[in-house]
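From first to last, the protein sequence lines are chains H and C. The numbers in this note's numbering rise by one with no breaks, and the one at position 180 of the first sequence is 238. The numbers in this note's numbering rise by one with no breaks, and the one at position 335 of the second sequence is 337. Ideal Cβ positions, reconstructed from N, Cα and C, are used throughout, including at glycine. Before any comments, here is the structure.
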Amino acid sequence: MLKINNLHVKLEEEDKRILKGVDLEVPAGSVHAIMGPNGSGKSTLSYVLSGRDGYEVIEGNATLEGEDLLEMEPEERAAAGLFLAFQYPVEIPGVGNMTFLRTAVNAQRKARGEEEMSAADFLKFIRAKAKELKIDAEMLKRPVNVGFSGGEKKRNEILQMAMLEPKMCILDETDSGLDVDAMKLVSDGVNALRDQGRAFLVITHYQRLLDHIKPDVVHIMADGRIVKSGGPELALEVETNGYADILAEMEVEA
Amino acid sequence: MNTATKQATAVISAEARPVSGAWAQDARADAARRLAQMGLPTRRDEYWKWTRPDSLIAAVPDAAAVFDYEGEPPVFHQIDRLTIVFVDGVFDATASDDLSGEGIEIERLADATAADIHWAKDLYGVLEARGQNPVARPLAAYNTAMATDGVVIRVTGEVSRPVSLFYRHEDATSDAVLHHVIRLEEGAKLTLLENGAAAARFSKVCEVDVADGAEFHHIRAQGRDHERQAITHMFARLGVESVFKSFTMTVNGRLTRNECVIEFLGDDATAHVAGAALGDGADGAFHHDDTVFITHDAVASESRQVFKKVLKNGAKGVFQGKILVKPDAQKTDGYQKSQSLLLDDDASFQAKPELEIYADDVICSHGSTSGAIDEEALFYLRSRGVPAHIATDLLVLAFLADAIDEIEDDTIAAEINDRLDAWLARHRG
């Protein structure tokens, strides 16, 4: 599904290299997790994949189902099936959550040459999805993320994911700012979307999210590269010993 | 005598003034005297620093091409309303609806001014004159002296449908001077709609007297003609527990200055003035000026100003808004917000928010900002598959929403929103 080859990225505005040769392949139907200390480049990777301004790719490539992601506009990536659940969902005063979602769903359908969803169908669809995530009608009417609690914002991200039905979902520290109940709710939402045709890349600091969203593969990222990959046990190792041991081990190997 | 005063005296000679009955002749002569004293505006005047008055006071207006709407129906066309049509500033009886209605008396200005005794005598030029202090508004005095047409409306009850003033522009060199007088009697209620390109140069004064407990709603659409020049004044006087709400949408227009002067005389009254202006210099020059002066001279009155401008390609916006709270106007709640969204580096916005407060128990706030589109929000929308141009339009409409929210009638608000949306769709990129 997602293939990243030797990706090198620097900040556009300054001469600071953040990703230094990332290699990663996430096949359809699988859940991969990326863990790593602060500043290792995890969030940058998610932003570069989704097309945010401010980064310059100096080497390497990234494809989604064989399509060159890095050549596409952000909206084209979304229509191609990429979704990023933001670490800090953006507040948009004046734009109703419902309007936003309907515009997004229909824009993607249009881009894919599909018919737009009628207002009635959309309403039925969103109500069902919102109910699963315990998002009430009031929250749908409010402006996007404005006045939402941290947990509400994250649930809103998952609602968008459920509505847009992407193929490749990237979750950027979706667990940050969540209490135990909210984490359960969000994880259930994610798990409900797991299927053979869809892949997930879960970026997190902590192992606890991975108790709920069980990964097939865990990668450790440090200093702009994937330095170690393994099964779910790798996350447990980090939880127990921190990153120091793994990083020290890598230094030795290097 | 300075040049401006000489000019003013020349343009308002007694022979030049429209013929009227005795009381109206007096009112016009008073206005002419006021104008001669003030002189015509110059760029040295504090309130004309950012808007050049030259083309508004030139002896002959610059020609303005009649705009081709390409079949687009006029704003408010689907709203059930009583329509009064002016063509290049001249009342058109054939195109207008029957002027009679339940709870409302409508007359042409010329008929009112010809009468020896008329209720409009107490208002024509009277509210305008009150509004000349402390800031001179010479072009309003000019209008009172020289107005050639207009309507006088007296509302005695709750009028079932809005009154719509539709200004048609057919002559590329027309110079229209209209003056309306509106009196809402106690407890009366009226919605006034205004739209249309009007004339090559359009001067309009509207004096509105809102008696105790009365309610006046005003929704105006200016545009989409590119070459018009317009100077408009609204003078309102508010009684106890009265309500005044005015919203203006402006798109295009080489030069538009809308002045709104409101005086609270009765306690517990409410006045909201709002505006949403969209200008794209690619259509031709765009300069839009909102100048507001609100005087609180009563207890517990609430005023609210919400002005939003979206500007690009060299479009210019100006806001001058003042709240004056007199010593006895305790419990005043004054709010003023003026914001502009500059879609590129060529657009500019000048703002002068002013508060002058002599009472000690009041809440007054003002905020003026100008900024670019929120890149974070734009990326967020695009990352959900919304194309950049649609995402930008969504954010622009969101920016304007505060102003549009000031329209109480949902159908009219939706109509305004649709027009703004359509304008944005035509001006992408």
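Just by C-beta distance, which residues in the stretch 277–289 of chain H are closer than 9 Å to chain C?
none
Using the DSSP secondary-structure output, state which residues sit across from C:E358 in a beta bridge.
C:L326
Taking CB distances under 8 Å as the criterion, tell me whether H:L222 reaches chain C.
yes
Between H:E210 and chain C, is any beta-carbon pair separated by less than 8 Å?
no
Beta carbons nearer than 7 Å to chain C: which residues of the stretch 89–108 of chain H have them?
S108
Could you tell me the alpha carbon to alpha carbon distance between C:N260 and H:A169, rounded to whole angstroms?
43 Å
With C:Q80 as the anchor, note down where its beta strand (DSSP E) starts and where it stops.
Careful: C:Q80 lies outside any beta strand (DSSP E) and carries neither H nor E.
Touch test, the stretch 290–310 of chain C against the stretch 338–347 of chain C, Cβ-Cβ under 8 Å, three pairs minimum:
yes
What does the alpha-carbon distance come out to for the pair C:D407 and C:I14?
41 Å
Counting only C-beta atoms, is H:G152 closer than 8 Å to chain C at any point?
yes
Mind pulling the chain H residues with CB within less than 7 Å of C:A276?
Residues of chain H passing the Cβ test: none, with the nearest at roughly 15 Å.
Whole-angstrom Cβ separation of C:K314 and C:H289, contact assumed at under 8 Å?
Actually they are not in contact, since the Cβ atoms of C:K314 and C:H289 sit about 14 Å apart, beyond 8 Å.
Tell me, please, whether the CB atom of C:E378 is closer than 8 Å to any CB atom in chain H?
yes
Do C:F321 and C:S370 have their C-beta atoms closer together than 8 Å?
yes
Compare the C-beta of C:R30 with all C-beta atoms of chain H and state if any pair is closer than 8 Å.
no
With DSSP as the reference, label H:M175 as helix, strand or coil.
coil
Which of the residues in the stretch 382–396 of chain C, read from start to end, lie with their CB under 9 Å from any CB of chain H?
Y382, L383, R384, S385, R386, G387, V388, P389, A390, I392, A393 and L396
Beta carbon proximity, C:A400 to chain H, threshold 8 Å:
yes
Report yes or no: is there a C-beta of chain C within less than 8 Å of the C-beta of H:E133?
yes
H:L259 at chain C interface by Cβ criterion, 8 Å
no
Enclosing alpha helix (DSSP H) for C:N145 [first to last residue]
P140 to M148
Using CA atoms only, rank isn't needed, just tell me which of C:A18, C:L42, C:C208 and C:D363 is closest to C:R185.
C:C208
Could you tell me whether the Cβ atoms of H:G109 and H:R75 are closer together than 8 Å?
no
Our contact map puts H:G282 next to H:K78 with C-beta atoms below 8 Å; I'd like the distance itself, whole angstroms only.
4 Å
Taking Cβ positions, are C:G215 and C:V242 nearer each other than 8 Å?
yes
Just to make sure I have the definition right: I need the residues of chain H whose C-beta is within less than 7 Å of the C-beta of C:A403. Which are they?
G152
Alpha carbon to alpha carbon, how far is C:D90 from H:V204?
47 Å
Expressed to the nearest angstrom, what Euclidean distance is found between the alpha-carbon atoms of H:V148 and H:S234?
15 Å
Using a C-beta to C-beta distance shorter than 7 Å, which residues of chain C count as neighbours of H:D126?
The contacting residues do not exist; H:D126 stays about 18 Å from chain C at best.
Which residues share a DSSP beta bridge with C:P76?
Its beta-bridge partners do not exist; DSSP assigns none.
Cβ distance (whole Å) where H:A280 is taken to contact H:Y301 below 8 Å:
7 Å
Within 8 Å of chain C by C-beta, residues of the stretch 109–122 of chain H in sequence order:
G109, R110 and D111
Could you check whether the Cβ of H:T298 sits closer than 8 Å to any Cβ belonging to chain C?
no
Simplified DSSP state of C:N254, which is helix, strand or coil
coil
Chain C partners of H:Q218, CB-CB under 7 Å?
R386
Beta-bridge pairing of C:E229 - partner residues as DSSP gives them
C:E229 pairs with nothing; no bridge assigned.
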